[in-house]
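S.K.: Submitted below is the structure of interest, expressed as structure tokens.
In the working numbering, the protein residues as written are 81 to 541.
What follows is the structure, given as structure tokens:
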């Protein structure tokens, strides 16, 4: 069940809200915890048992680790092996097996073709963040199972983030700030996110799917870049829309979830882009991988090694395929180059920095989008102008799509700048803004009703 569905908006959310509203704060966490498990079970009727087993196992051992003086490291190792072992088995077993079979030229390992448990990459990282913080002494154990369970499984952020640290939500978990003003603000944010997903991401995905269907080998340079820009806007408004809805839903129930985006398409470098895009994922890798390996404290060579580890894992975290690893390595190379000096220049010269990002970010998203390496190479070749002279689709089709989609591109570009959110935050209580949100909500519902509701792209990661 996705947030942009009639079932969620019209059935699940109202029922949960009216069950949640009248109970006291002590019971609120249980209502939301059980409601979150029901939310997960609707989409994953079997894997919810896996989630519940992980919650019980992690909670019991975290409690033991917090009380132990001599076995903390052993308990942490057991927890990490359990959590990452499950992630490795469900998400990466077939990828590893297929590559071993290819290298050995025989079928040594069977492919299991297991369905990926929804959100396992997100809740695994969230649980391990809690465990490592308890081990370090940076976080005291939660006072009850319901608090730990709600921290991990709270439905707004369960399946696609943000990746929350317990200390960020500890106060609201113990004493949710549930009041009608927050409900109103949350509904407004949810509506903005819904419009971003349904009216922008879903609509522009039609163009990318059309261009993708033509075939990369038939595209000229202009059409290939048009497809790259359309996918760049699709993934941005898909994920940003989800994040806005998650923050809005959290606020409705009295919880403040961290911001996961800060106008990433306004970045002036790849380094700046990753300060702004999926902020909580970058923070997780920085605090729990990069810094423990030494960060940038031990010379340039070890800094490059640590960046290589982080970006290889970042790519692999997104999916069990070589294109995701290449995507991570692409950013690794860019960040290393920028650390040599160009990054400072780009930061000081915004026009050049924005132009640079307008070129590299769409290229990175094409690496991300094309899971078949042959198709990826063909698409990158088209973006480099390699099909000049024999492309079947070019200027004439470009002009047709420009006439058809220019307004949508203009709206997407405007909405990827800070202006809309600044305007919203300033005037969100004005009647005209409330009327506009009302229109966005019902037009989004209409679009969901008449069309196929695309799932969120990040749900598969």
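Yeah, the Cβ is synthetic: ideal placement off N, Cα and C, and Gly gets one too.
Going straight from the alpha carbon of residue 169 to that of residue 417, what length do you get?
M.R.: In the chain shown, residue 169 corresponds to position 89, counting from 1. In the chain shown, residue 417 corresponds to position 337, counting from 1. Those two C-alpha atoms are separated by around 35 Å.
S.K.: Under the assumption that residue 341 contacts residue 311 (Cβ atoms under 8 Å), give the Cβ distance between them as a whole number of angstroms.
M.R.: Within the chain shown, numbered from 1, the residue matching residue 341 stands at position 261. Within the chain shown, numbered from 1, the residue matching residue 311 stands at position 231. Actually they are not in contact, since the Cβ atoms of residue 341 and residue 311 sit about 17 Å apart, beyond 8 Å.
S.K.: Would residue 518 be called buried (16 or more neighbouring beta carbons within 10 Å of its own) or exposed?
M.R.: As a first step, residue 518 must be located in the chain shown, where it is residue number 438. The residue is exposed, with fewer than 16 neighbouring Cβ atoms inside 10 Å.
S.K.: What are the uninterrupted segments assigned as alpha helix (DSSP H) that are 4 or more residues long and contained completely in the stretch 425-474, given in chain order?
M.R.: As far as the stretch 425-474 is concerned, its whole alpha helix (DSSP H) runs of at least 4 residues are 430-449, 453-463.
S.K.: Of all the alpha helix (DSSP H) runs that stay within the bounds of the stretch 291-347, which reach a length of 4 or more residues?
M.R.: Qualifying alpha helix (DSSP H) stretches, in chain order: 301-332.
S.K.: Could you give the residue range of the alpha helix (DSSP H) that holds residue 236?
M.R.: Here residue 236 refers to the residue found at position 156 of the chain shown. Taken as a continuous stretch (DSSP letters only), the alpha helix (DSSP H) holding residue 236 covers 235-238.
S.K.: Residue 498: buried (16+ other C-beta within 10 angstroms of its C-beta) or exposed?
M.R.: Residue 498 sits at position 418 when you count from the first residue of the chain shown. By the 10 Å Cβ count, residue 498 comes out exposed.
S.K.: Can you grab the Cα-Cα spacing for the pair residue 214 / residue 164, in whole Å?
M.R.: On the chain shown, residue 214 is found 134 positions in, with the first residue counted as 1. On the chain shown, residue 164 is found 84 positions in, with the first residue counted as 1. The straight-line gap from Cα to Cα measures roughly 18 Å.
S.K.: Give the range of the alpha helix (DSSP H) segment to which residue 527 is assigned.
M.R.: Here residue 527 refers to the residue found at position 447 of the chain shown. Its alpha helix (DSSP H) spans residues 511-530.
S.K.: Just to confirm my understanding: we take residue 386, look at its own chain, exclude 5 residues before and 5 after, and list those with CB closer than 7 Å. What are they?
M.R.: The residue you call residue 386 lines up with position 306 of the chain shown. So the list reads 370, 373, 374, 375, once near-sequence residues are dropped.
S.K.: Would DSSP call residue 395 helix, strand or coil?
M.R.: Locating residue 395 in the chain shown gives position 315, where the first residue counts as 1. Helix at residue 395.
S.K.: Which residues in the same chain have their Cβ closer than 8 Å to the Cβ of residue 156, if we skip the five residues on either side of it in sequence?
M.R.: The sequence position of residue 156 within the chain shown is 76, counting from 1. Taken in chain order, the residues that qualify are 145, 211, 212, 215.
S.K.: Hey, which unbroken runs of the beta strand (DSSP E) at 3 residues or more fall wholly within the stretch 129-213?
M.R.: The stretch 129-213 contains no whole beta strand (DSSP E) run of 3 or more residues.
S.K.: Compare the C-alpha of residue 100 against each of 159, 260, 246, 148 and name the closest.
M.R.: Against the chain shown, residue 100 aligns to sequence position 20. Cα-wise, what sits closest to residue 100 is 260.
S.K.: Count the other C-beta atoms from every protein chain shown that fall within 10 angstroms of the C-beta of residue 543, then say buried if there are 16 or more, exposed otherwise.
M.R.: Residue 543 is absent from the structure shown; the chain starts at 81 and stops at 541.
S.K.: Return no unless some Cβ of chain D is closer than 8 Å to the Cβ of residue 292.
M.R.: In the structure shown, chain D does not exist; there is a single protein chain.
S.K.: Looking at residue 453: is its Cβ nearer than 8 Å to the Cβ of residue 403?
M.R.: Residue 453 sits at position 373 when you count from the first residue of the chain shown. Residue 403 sits at position 323 when you count from the first residue of the chain shown. Yes, the pair counts as a contact, with Cβ atoms nearer than the cut-off.
S.K.: Would the stretch 246-253 count as touching the stretch 330-341 if we require 3 or more Cβ pairs under 8 Å?
M.R.: Judged by Cβ distances under 8 Å, the stretch 246-253 makes contact with the stretch 330-341, as three or more pairs qualify.
S.K.: Let me know the secondary structure DSSP gives residue 257 once reduced to three states.
M.R.: Against the chain shown, residue 257 aligns to sequence position 177. Note: residue 257 maps to coil in three-state DSSP.
S.K.: Could you give the DSSP three-state label for residue 500: helix, strand or coil?
M.R.: Stepping through the chain shown from its first residue, residue 500 is reached at position 420. Three-state DSSP puts residue 500 in a helix.
S.K.: Okay, do the stretch 261-277 and the stretch 223-233 touch, 3+ Cβ pairs below 8 Å being the bar?
M.R.: Verdict: no, contact absent.
S.K.: Does the beta-carbon of residue 495 have 16 or more other beta-carbons within 10 angstroms, so that it is buried, or is it exposed?
M.R.: If you number the chain shown from 1, residue 495 lands on position 415. By the 10 Å Cβ count, residue 495 comes out buried.
S.K.: Which residue comes first and which comes last in the alpha helix (DSSP H) that contains residue 244?
M.R.: Here residue 244 corresponds to residue number 164 of the chain shown, with the count starting at 1. Where residue 244 is concerned, there is no enclosing alpha helix (DSSP H), given that its DSSP letter is neither H nor E.
S.K.: Quick one: Cα of residue 420 to Cα of residue 444, how far?
M.R.: Translated into positions along the chain shown, residue 420 becomes position 340. Translated into positions along the chain shown, residue 444 becomes position 364. Spanning the two alpha carbons is a distance of roughly 21 Å.
S.K.: Could you have a look at residue 377 and say whether DSSP puts it in helix, strand or coil?
M.R.: The residue given as residue 377 occupies position 297 in the chain shown. Correct three-state label for residue 377: coil.
S.K.: What do you get for residue 331, buried or exposed, if any count of 16 or more other CB atoms within 10 angstroms of its CB means buried?
M.R.: Translated into the one-based positions of the chain shown, residue 331 becomes position 251. Residue 331 comes out buried.
S.K.: Please classify residue 187 as buried or exposed, where buried requires at least 16 neighbouring CB atoms within 10 angstroms.
M.R.: In the chain shown, counting from the first residue as 1, residue 187 sits at position 107. Classification of residue 187: exposed, given that the 10 Å Cβ count is below 16.
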